[in-house]
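**Q** Below you will find the structure I want to go over with you.
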Amino acid sequence: MKKSIVFCIVFFIFYSIFNGIQSEGKSFPGDKLNSKQELANQVKPKAASLQLEKDYGKTPLYFIHNEGQVDSKAQYYVKAHNYTLWMITNGLVFDKTRLIKKTGEETEKTPADFKHSKPDKFERNVSRLIFLGSNGEVKIASEEPTEYKVNYFRGNDQSKWYSDIDTSKSVKYESIYNGIDLRVYGIEKQIEYDWIVHPGADPAYIRFKYENVKSIEIDSEGDLVIDTDFGSLIHKKPVSYQIINGEKVSIKADFKKLGDNSYGFTVPEYNTEYAVVIDPLILEYSTYLGGNDEDSGNGIAVDSEGAAYITGNTSSSDFPTLNQYQAYQGGTDVFITKLSSTGNSLIYSTYLGGSADDYGYGIAVDSEDAAYVTGSTSSSDFPTLNQYQAFQGGTDVFVTKLSSTGNSLIYSTCLGGGSWDEGHGIAVDSRGAAYITGNTNSTDFPTVNQYQTDQGNYDIFITKFQWEDPNSAPVAVIDADSFGGVASVTITFNGSSSYDSDGLVVAWRWSFGDGASGTGETIAHEYTSTGTYTVSLQVRDNDGVWSPYVSEQIQVYNENEISCSLSVSPLSIKANSREIAVASVIYYYTPSDGSGTVPVQYDLKPAFTATDGSFSGINQFNPASGVYTDMLTSGNPGTATITSSLAGDDICSVQITYTWPKSPLNLTAEVDENRGLFKGKLFVTLSWSENTSDLYETAGYRVYRSVNGSDWELIAELSAETYTYTDEKLSVKDQYSYAVTKIDTDGDESDKAVINIE
Numbered sequence: 022m023k024k025s026i027v028f029c030i031v032f033f034i035f036y037s038i039f040n041g042i043q044s045e046g047k048s049f050p051g052d053k054l055n056s057k058q059e060l061a062n063q064v065k066p067k068a069a070s071l072q073l074e075k076d077y078g079k080t081p082l083y084f085i086h087n088e089g090q091v092d093s094k095a096q097y098y099v100k101a102h103n104y105t106l107w108m109i110t111n112g113l114v115f116d117k118t119r120l121i122k123k124t125g126e127e128t129e130k131t132p133a134d135f136k137h138s139k140p141d142k143f144e145r146n147v148s149r150l151i152f153l154g155s156n157g158e159v160k161i162a163s164e165e166p167t168e169y170k171v172n173y174f175r176g177n178d179q180s181k182w183y184s185d186i187d188t189s190k191s192v193k194y195e196s197i198y199n200g201i202d203l204r205v206y207g208i209e210k211q212i213e214y215d216w217i218v219h220p221g222a223d224p225a226y227i228r229f230k231y232e233n234v235k236s237i238e239i240d241s242e243g244d245l246v247i248d249t250d251f252g253s254l255i256h257k258k259p260v261s262y263q264i265i266n267g268e269k270v271s272i273k274a275d276f277k278k279l280g281d282n283s284y285g286f287t288v289p290e291y292n293t294e295y296a297v298v299i300d301p302l303i304l305e306y307s308t309y310l311g312g313n314d315e316d317s318g319n320g321i322a323v324d325s326e327g328a329a330y331i332t333g334n335t336s337s338s339d340f341p342t343l344n345q346y347q348a349y350q351g352g353t354d355v356f357i358t359k360l361s362s363t364g365n366s367l368i369y370s371t372y373l374g375g376s377a378d379d380y381g382y383g384i385a386v387d388s389e390d391a392a393y394v395t396g397s398t399s400s401s402d403f404p405t406l407n408q409y410q411a412f413q414g415g416t417d418v419f420v421t422k423l424s425s426t427g428n429s430l431i432y433s434t435c436l437g438g439g440s441w442d443e444g445h446g447i448a449v450d451s452r453g454a455a456y457i458t459g460n461t462n463s464t465d466f467p468t469v470n471q472y473q474t475d476q477g478n479y480d481i482f483i484t485k486f487q488w489e490d491p492n493s494a495p496v497a498v499i500d501a502d503s504f505g506g507v508a509s510v511t512i513t514f515n516g517s518s519s520y521d522s523d524g525l526v527v528a529w530r531w532s533f534g535d536g537a538s539g540t541g542e543t544i545a546h547e548y549t550s551t552g553t554y555t556v557s558l559q560v561r562d563n564d565g566v567w568s569p570y571v572s573e574q575i576q577v578y579n580e581n582e583i584s585c586s587l588s589v590s591p592l593s594i595k596a597n598s599r600e601i602a603v604a605s606v607i608y609y610y611t612p613s614d615g616s617g618t619v620p621v622q623y624d625l626k627p628a629f630t631a632t633d634g635s636f637s638g639i640n641q642f643n644p645a646s647g648v649y650t651d652m653l654t655s656g657n658p659g660t661a662t663i664t665s666s667l668a669g670d671d672i673c674s675v676q677i678t679y680t681w682p683k684s685p686l687n688l689t690a691e692v693d694e695n696r697g698l699f700k701g702k703l704f705v706t707l708s709w710s711e712n713t714s715d716l717y718e719t720a721g722y723r724v725y726r727s728v729n730g731s732d733w734e735l736i737a738e739l740s741a742e743t744y745t746y747t748d749e750k751l752s753v754k755d756q757y758s759y760a761v762t763k764i765d766t767d768g769d770e771s772d773k774a775v776i777n778i779e
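Counting with the numbering used here, you get residues 22 to 779 for the letters of the sequence shown.
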């Protein structure tokens with residue numbers, strides 16, 4: 022019978038690492054994102070071979086109290102590279118960012134990317150869990166305070182510096198409903214929340230709604246699955262219980278749909294004299310991984326982009342593989358698998374082992390996304406490279422570092438003595454040093470700078486490996502004067518941006534995807550037939566080391582397939598993704614022969630302009646002969662559609678959805694009247710908040726005033742992060758109206774948020 026492990030891979034939603042001091046300015050969902058990512062300086066060790074060293078550490082997760090360093094709506098938060106969980110009075114805000122390519126696809130970064138590519142862009146997704154009908158004055162309090170403090174120093178204005186900010190291991194919403202508390206906490210980088218229903222309270226009071234998500238459903242397992250643009254969040258079916266006479270008694274609880282995106286719980290039977298704890302675990306995904314025989318997952322690590330790295334052992338000859346280093350070797354092999362951040366695809370998956378049995382127990386990942394694996398091997402032919410030791414006999418520890426692509430080794434070594442040795446845990450530091458621990462009963466286990474000698478029987482070992490590649494492989498970079506065109510099209514490819522960190526690039530070899538190949542730093546190639554081609558480049562350094570291949574896509578079309586195009590002015594139209602206004606759009610060509618609709622990407626060019634949100638002017642061009650009619654419909658905001666009808670029944674069309682900056686929210690006015698003996702004056706203080714769902718970065722705000730119904734008069738222009746304005750010495754005899762608008766960094770202005778003063 023097949024025995025396969027079920028990987029309930031908890032993709033830890035929020036985690037934070039503190040090294041004593043962090044520097045940061047105000048931020049909250051909707052505030053501007055930092056468009057740069059810093060790399061830590063890495064000091065290269067002098068040694069050019071694998072050596073033994075020692076020393077390591079670990080840091081946990083903490084909740085940070087807001088003392089003014091971030092937006093006042095958040096009272097506590099947990100922050101990480103890609104996630105922030107904001108705790109506001111009436112809910113939880115899930116704020117995630119990820120790196121994207123110019124096409125909008127999620128990407129992974131290496132130090133080479135940062136050094137030689139253009140600055141990265143970020144994509145953001147903010148969703149909210151709102152507590153429906155909760156008490157208006159909810160107290161949010163920290164629990165389990167820690168000794169760790171956080172400092173925020175930004176700029177030279179010391180009034181905006183914050184130091185010794187408290188942290189805690191959990192946060193409680195007290196009396197969020199009558200007789201009901203909510204506790205939010207982190208367990209090993211994983212977020213959980215407990216609803217605590219005190220005696221006499223009703224679990225039916227609990228109602229919550231998700232906002233800014235694609236869909237929500239309760240699946241066949243009873244889990245609540247929330248579909249977002251960045252993948253799915255899974256709230257596992259609640260584990261609920263009561264503590265009665267000192268014993269934990271499990272009770273049944275289920276999610277219950279109450280309305281559109283609104284849910285609560287059903288708890289059919291419980292002892293009303295005792296408190297009820299409802300505990301749903303938050304997962305980002307959950308998946309199976311395995312083959313037709315026994316598979317065991319023993320170690321997991323997560324990189325900065327949210328990809329999961331798993332190791333263990335398998336006896337399945339059909340274990341799923343992709344971009345593998347090895348095929349199945351027989352018996353029991355180690356496996357190493359890298360899953361995408363959404364959990365629904367493999368980045369790579371490979372076997373690792375020799376002719377005997379091999380087991381993987383621990384895995385770690387470094388800043389360059391290279392995986393380090395340890396375990397045990399009984400194979401005398403276990404794959405090794407740049408090794409510290411050869412196989413010692415019996416059972417040895419192995420330590421292996423894979424390349425970031427998973428299909429090659431950086432180093433792989435055995436470690437042990439003449440008896441039995443097994444590696445269980447591994448960690449890696451910022452310099453790429455590997456730290457391994459496990460068990461040994463070898464009296465001749467290799468040691469250096471040791472704390473103890475062999476104590477007899479089975480001992481723990483702790484080993485540090487520091488290794489530096491004496492020659493780094495070069496990196497191939499493809500540039501071209503274009504990446505497509507009408508057949509026949511000649512494209513000039515340029516490999517001069519390729520580089521070698523410790524030498525020179527001296528050779529280039531190209532594959533053009535149509536069966537042709539060539540050599541040279543710069544080379545021209547003609548594509549005579551339509552289709553999509555993969556051009557690849559590999560380069561060699563002056564030490565004779567070849568780089569891995571890198572690839573780019575080339576699209577070649579028929580003349581008819583590009584017989585119409587859309588051109589827009591980047592400064593006139595804004596789409597839901599900023600890139601659409603500066604890079605390219607997709608238009609659809611439907612030939613009259615009924616062969617289907619073909620999507621074609623085309624660069625944007627200035628063509629028509631917009632004034633006050635309306636479009637004026639159409640500039641279409643078409644290289645083919647015939648009669649064409651153009652139609653444009655628009656709204657503000659809305660969707661612009663251009664349709665070009667070619668000769669016959671051929672049609673080309675494109676749609677762009679565009680938006681403008683959103684108005685400020687929650688505009689309020691506080692009026693202070695100062696009446697004297699002969700005359701009176703008014704002081705009006707306006708307050709507003711930022712629209713956190715806005716896509717566009719805030720440059721500032723404008724304040725307008727209307728007196729007795731007159732036209733709007735601009736009375737103030739304010740900087741970003743300014744949310745109040747006081748208008749002084751006004752006549753008590755007049756009626757005033759005020760409006761506030763947002764200005765984005767392109768100078769575009771939102772609609773007015775208006776308030777009238779009676």
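Ideal Cβ positions, reconstructed from N, Cα and C, are used throughout, including at glycine. Since the structure is predicted, the reported quantities are computational estimates derived from the model, not experimental observations.
Can you check DSSP and say which residues form a bridge with P685?
**A** BP columns for P685 are empty, so no partner.
**Q** Opposite V761 in the DSSP bridges: which residues?
**A** According to DSSP, which records beta bridges pairwise, V761 is partnered with V724 and A774.
**Q** Could you tell me the alpha carbon to alpha carbon distance between L688 and V560, rounded to whole angstroms?
**A** Whole-angstrom Cα-Cα distance: 60 Å.
**Q** Quick one: Cα of T434 to Cα of I544, how far?
**A** For T434 and I544, the distance between alpha carbons rounds to 42 Å.
**Q** Where does D502 land, buried or exposed, given buried means 16+ other C-beta within 10 angstroms?
**A** With fewer than 16 Cβ atoms within 10 Å of its Cβ, D502 is classed as exposed.
**Q** Our contact map puts N292 next to I321 with C-beta atoms below 8 Å; I'd like the distance itself, whole angstroms only.
**A** About 38 Å; that fails the 8 Å criterion.
**Q** What's the gap between the Cα of K269 and the Cα of L360?
**A** Those two C-alpha atoms are separated by around 37 Å.
**Q** In or out: Y173 buried (at least 16 other Cβ within 10 Å) or exposed?
**A** Label assigned to Y173: buried.
**Q** Tell me, which residues are paired with R530 by DSSP?
**A** DSSP lists T540 and Q559 as partners of R530.
**Q** So, with DSSP's three-state summary, where would you put A501?
**A** In this structure, A501 counts as strand in the three-state DSSP scheme.
**Q** Look at the Cβ atom of V298, then the Cβ atom of I217, and state whether they are nearer than 7 Å.
**A** Result yes, Cβ atoms of V298 and I217 sit closer than 7 Å.
**Q** Closest to E168 by C-alpha separation, out of A328, K190, D442 and L436, would be which residue?
**A** Closest by alpha carbon: K190.
**Q** Return helix, strand or coil for E779, following the three-state DSSP convention.
**A** Coil, per DSSP.
**Q** Is P166 helix, strand or coil by DSSP?
**A** Residue state, collapsed to three classes: strand.
**Q** Are there three or more Cβ pairs, one per stretch, closer than 8 Å when the stretch 321-330 is compared with the stretch 270-282?
**A** The stretch 321-330 vs the stretch 270-282: no contact.
**Q** Quick check: the Cα distance between P685 and G154, rounded to an integer number of angstroms?
**A** Roughly 25 Å separates the two Cα atoms.
**Q** Whole angstroms are fine: how far does the CA of A385 sit from the CA of A448?
**A** Going by the C-alpha atoms only, they are around 5 Å apart.
**Q** Kindly indicate which three-state DSSP category S550 falls into: helix, strand or coil?
**A** S550: coil per DSSP, three-state reduction.
**Q** Provide the residue span of the beta strand (DSSP E) that contains V571, from first to last.
**A** It spans V571 to Y578 - the beta strand (DSSP E) in which V571 sits, taken as one unbroken run.
**Q** Go ahead and label Y231 buried or exposed: buried means 16 or more other beta carbons lie within 10 angstroms of its beta carbon, across all protein chains shown.
**A** Answer is buried; the Cβ neighbour count reaches 16.
**Q** I want to know whether the stretch 474-482 touches the stretch 419-426 - three or more CB-CB distances under 8 Å.
**A** No, the stretch 474-482 is not in contact with the stretch 419-426.
**Q** Could you check whether S366 and E326 sit closer than 7 Å to each other, using their CB atoms as the reference points?
**A** Not a contact, by the Cβ cut-off of 7 Å.
**Q** Specify, as a first and last residue, the run of the beta strand (DSSP E) that H256 falls within.
**A** Per DSSP, H256 belongs to the beta strand (DSSP E) from G252 to H256.
**Q** Quick one: what does DSSP say A225 is sitting in, helix, strand or coil?
**A** Here A225 sits in helix by DSSP.
**Q** By alpha-carbon positions, which one of D755, S440 and S429 ends up nearest to S463?
**A** Checked all of D755, S440 and S429; the closest Cα to S463 is S440.
**Q** For A720 versus L707, is the C-beta spacing smaller than 7 Å?
**A** Cβ atoms of A720 and L707: not closer than 7 Å.
**Q** Compare the beta carbon distance of S522 and S493 with 7 Å and say whether it is the shorter of the two.
**A** Closer than 7 Å, so yes.
**Q** Between which two residues does the beta strand (DSSP E) containing K781 stretch?
**A** The chain is shown only over 22 to 779; residue 781 falls outside these bounds and no answer can be derived.
**Q** Answer yes if the stretch 505-514 comes into contact with the stretch 536-550, meaning at least three C-beta pairs across the two stretches below 8 Å, and no otherwise.
**A** These segments touch.
**Q** Quick one: what's got a C-beta closer than 7 Å to F152's C-beta in the same chain, skipping five residues either side?
**A** So the qualifying residues of the chain are N111, G112, I197 and F229.
**Q** Counting C-beta neighbours from all protein chains within 10 Å, is the total for L525 16 or more, i.e. buried, or is it exposed?
**A** Exposed, because fewer than 16 other Cβ atoms sit within 10 Å of the Cβ of L525.
**Q** One question on the structure: do G396 and G444 come within less than 7 Å of each other, judged by their Cβ atoms?
**A** A contact, by the Cβ cut-off of 7 Å.
**Q** Can you grab the Cα-Cα spacing for the pair Y346 / Y570, in whole Å?
**A** Roughly 15 Å separates the two Cα atoms.
**Q** Starting from N319, trace the beta strand (DSSP E) both ways and give me its first and last residue.
**A** Residues D316 to V323.
**Q** On the DSSP bridge list, what partners appear for G506?
**A** The partner list for G506 (beta bridge, DSSP) reads V577.
**Q** Taking C-beta to C-beta, are D379 and D402 nearer than 7 Å?
**A** No, the Cβ-Cβ distance between D379 and D402 is not below 7 Å.
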